[in-house]
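Trainee: For reference, the structure I am asking about is given below.
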Amino acid sequence: MAFRLEFILLVSLFCLGFAFVDSEDGATLLEIKKSFRDVDNVLYDWTDAPSSDYCVWRGVTCDNVTFNVVALDLSFNELYGDIPFSISKLKQLEFLDVRNNSLTGSIPENVGNCTSFQVLELNDNHLSGHIPPELGKLTELFDLNVANNNLEGPIPDNLSSCTNLNSLDISNNKISGSIPSSLGDLEHLLKLNVSYNNLAGDIPTSNNFSRFSPDSFIGNPGLCGYWLSSPCHASHPTERVVISKAAILGIALGALVILLMILIAACRPHTPAPFLDGSLDKPGANSSPFAYEHKNIGV
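Just so we're aligned, residue 18 is where the sequence shown starts under the numbering used here, counting upward by one.
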């Protein structure tokens, strides 16, 4: 009898636990669905029907013991809308893949609260705004891909806090500023792609940057350094431009003065040089040289 009561109690606790999980993660998934415009109705099985088990919904993977959502794969689904803030409610979420959709808006800052994240694939959408520094809180993050969006602003320096990061791809955006040298401190970072952005300055060469190829940095006209075989000059570019303009202006003014002097000399009336006797008149053709010689002797 005692064993029977213990068994009933255990089953009851399990059901209560399942109901609690269902009311949390299941409701959150429905909230996430509402934030998307699903033109192809790919999330048709995400319903609040009593018999609906969210752990078998399309793209959803649950833990076998806790029934918490641990993975959400919504890639290649033609979904429109913003990445919902409610994703942060999935506390055990480790894997989020929403690549190759038509998502807009910014990356929610509260994604940094999903400290269980290991894979975050947000690439090939129309996301804008900055890369939130809060991503630096994701110390378990292994793969971060935000390529092929419209992101701008700097690379957050505190991404170096993602000590387990193995792959970082922010290519084909509008990211500006310099490449944080602190990224070289990431011992596990094997892939770095910052190509085709608006980055500028020296490409770091310290620590683990020796692992990366020149292809990781191409398409950034302002970048210079060893990897691009483009040496960085010590002097400031603005100073070089000012000096160059001053030199050109000086040369132009000098040439103009010389040209004016030539024109003035050419336009001035020509006065013939006086002859030996001080006369400006040319001697006649019939004059005898002996007469001049005799005259000079007489003087």
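All C-beta atoms in this analysis are idealised placements derived from N, C-alpha and C, irrespective of residue type, glycine included.
#1: Taking the alpha helix (DSSP H) that Leu47 belongs to, which residues open and close that run?
#2: For the putative contact between Gly242 and Asp219, defined by C-beta atoms under 8 Å, what is the C-beta separation to the nearest angstrom?
#3: So what does Ala88 bridge to, in DSSP terms?
#4: Mind listing, in chain order, the continuous beta strand (DSSP E) runs of no fewer than 3 residues lying wholly within the stretch 136 to 197?
#5: What's the gap between the Cα of Trp63 and the Cα of Ile104?
#6: Are there 16 or more other CB atoms within 10 angstroms of the CB of Leu45, so buried, or fewer, so exposed?
#7: What residue range is occupied by the uninterrupted beta strand (DSSP E) comprising Cys15?
#8: Should Ile265 be labelled buried (16 or more other beta-carbon atoms within 10 Å of its own) or exposed?
#9: Bridge partners for Thr121 per DSSP, in chain order?
#10: Quick one: Cα of Ser198 to Cα of Thr78, how far?
#11: For Val163 versus Leu182, is the C-beta spacing smaller than 8 Å?
#12: Closer than 7 Å by C-beta to Ser29: which residues in its own chain qualify, once you throw out the five before and the five after it? Chain order, please.
#13: Under 8 Å between the Cβ atoms of Val136 and Phe112?
Mentor: Result, derived from the coordinates:
#1: On the sequence shown, residue 47 is found 30 positions in, with the first residue counted as 1. Note, Leu47: alpha helix (DSSP H), Ala44 to Ser52.
#2: The residue you call residue 242 lines up with position 225 of the sequence shown. The residue you call residue 219 lines up with position 202 of the sequence shown. So it is a contact: roughly 5 Å between Cβ atoms.
#3: Working through the sequence shown from its first residue, we reach residue 88 at position 71. Answer by DSSP bridge pairing, in chain order: Thr78 and Phe112.
#4: 136 to 138, 160 to 162, 167 to 170, 184 to 186 and 191 to 194
#5: In the sequence shown, counting from the first residue as 1, residue 63 sits at position 46. In the sequence shown, counting from the first residue as 1, residue 104 sits at position 87. Going by the C-alpha atoms only, they are around 15 Å apart.
#6: Your numbering for residue 45 matches position 28 in the sequence shown. Checking the sequence shown, residue 45 turns out to be Thr, not Leu. It is buried - the Cβ of Thr45 has at least 16 other Cβ atoms within 10 Å.
#7: Here the chain comprises residues numbered 18 to 316, so residue 15 is not present and cannot be evaluated.
#8: For the purposes of this step, residue 265 is taken as the residue at position 248 of the sequence shown. Flag for Ile265 reads exposed.
#9: The residue given as residue 121 occupies position 104 in the sequence shown. For Thr121, which the question treats as bridged, DSSP gives the partners Asp99.
#10: As a position in the sequence shown, residue 198 is number 181, starting the count at 1. As a position in the sequence shown, residue 78 is number 61, starting the count at 1. In a straight line, the C-alpha of Ser198 is about 37 Å away from that of Thr78.
#11: Within the sequence shown, residue 163 is the residue found at index 146, counting from 1. Within the sequence shown, residue 182 is the residue found at index 165, counting from 1. A distance of 8 Å or more separates the beta carbons of Val163 and Leu182.
#12: Looking up residue 29 in the sequence shown gives position 12. Interpretation of Ser29 is limited by its pLDDT of 43, a score under 50 that renders its predicted location unreliable; the figure taken from the coordinates is listed afterwards. In its chain, beyond the 5 residues on either side, no residue has a beta carbon closer than 7 Å to the beta carbon of Ser29.
#13: Mapped onto the sequence shown, residue 136 falls at position 119. Mapped onto the sequence shown, residue 112 falls at position 95. Contact flag set, yes.
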